[in-house]
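Structure, as structure tokens:
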Amino acid sequence: MSESDVLIPVAKIIGPHGVKGALKVFSYSGNLESLRAARTVLLRSPAGELREYQIKSITPQPVKIILCLMGFDEIDQVLPHVGSEICLWRSQLPEPEEDEYYWCDLIGLQVMTVDDLVIGNIIDIFETGSNDVYVVRGEEREFLIPAIAEVIHSVDLQRGKMIVTPLAGLLDL
Numbered sequence: 003m004s005e006s007d008v009l010i011p012v013a014k015i016i017g018p019h020g021v022k023g024a025l026k027v028f029s030y031s032g033n034l035e036s037l038r039a040a041r042t043v044l045l046r047s048p049a050g051e052l053r054e055y056q057i058k059s060i061t062p063q064p065v066k067i068i069l070c071l072m073g074f075d076e077i078d079q080v081l082p083h084v085g086s087e088i089c090l091w092r093s094q095l096p097e098p099e100e101d102e103y104y105w106c107d108l109i110g111l112q113v114m115t116v117d118d119l120v121i122g123n124i125i126d127i128f129e130t131g132s133n134d135v136y137v138v139r140g141e142e143r144e145f146l147i148p149a150i151a152e153v154i155h156s157v158d159l160q161r162g163k164m165i166v167t168p169l170a171g172l173l174d175l
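FYI, the numbering for the sequence shown is 3 to 175, going by my numbering.
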């Protein structure tokens, strides 16, 4: 399987929006660029079934996205898809800028300090108002590592490693 054949979950359908077939969607990254660049999406049901749909429109809202797909014209067509993930093929995603990474590429990376101390592996990422935070699971506990230039020394996707310079006390919390 080539890298472009990888299916990437980018959002989840959280409910209908109105009665005319619009979907209320929660974006995993908050970045609409990947959805805007795509012409089609795949809906993956909780049972794992995949169906492809053409995108009609995407409207950002403060906390969610309103997505309209071809073939969805009324609320009854939306309800069976609540809880489904919206996925894109890796080849549909725009190339990230230098020193930018897709979350799916960072999950699983081993995190080490510049002094070669292994902290653990990234198991989750969440957004805050100012920066992302990496949830790193070590042998005995989890650490919250801010994704800021002062902390992230380097990312090597080929070797599966992220090197960090922890802020004072960050690993003691």
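The beta carbon of each residue, even a glycine, is placed where N, CA and C say it ideally should be.
Boundaries of the beta strand (DSSP E) in which residue i is found, first to last residue
i	result
SER59	52-62
SER36	Looking at the DSSP string, SER36 is not in any beta strand (DSSP E); the run it does join, the alpha helix (DSSP H), is 35-39.
LEU69	67-71
ASP158	154-158
Distance between residue j and residue i (C-alpha atoms, nearest Å)
i	j	result
LEU159	ASP75	42 Å
LEU9	GLN94	10 Å
VAL166	GLY110	15 Å
PHE145	VAL21	43 Å
ARG46	TYR30	15 Å
ALA39	GLY85	23 Å
GLN63	LYS26	10 Å
VAL153	TYR103	16 Å
CYS89	PRO11	4 Å
Segment limits, alpha helix (DSSP H) that includes residue i
i	result
GLN112	First-last for GLN112: 112-115, but that is the beta strand (DSSP E), not the alpha helix (DSSP H).
ASP107	105-108
Own chain partners of residue i with C-beta closer than 7 Å, once the 5 adjacent residues on each side are dropped
i	result
ILE133	It should be pointed out that residue 133 corresponds to Asn in this sequence rather than to Ile. Here the set comprises PRO148, ALA149 and ILE150.
GLY140	ILE121 and GLY122
Neighbourhood of residue i by C-beta, 6 Å cutoff - its chain only, sequence neighbours within 5 removed
i	result
ILE68	HIS19, ALA24 and THR61
DSSP beta-bridge partners of residue i
i	result
ARG46	LEU52 and GLU87
PHE74	None; PHE74 has no bridge partner.
ILE10	LEU90
Sufficient close CB pairs (3 or more, under 8 Å) joining the region 38-53 to the region 102-115: no
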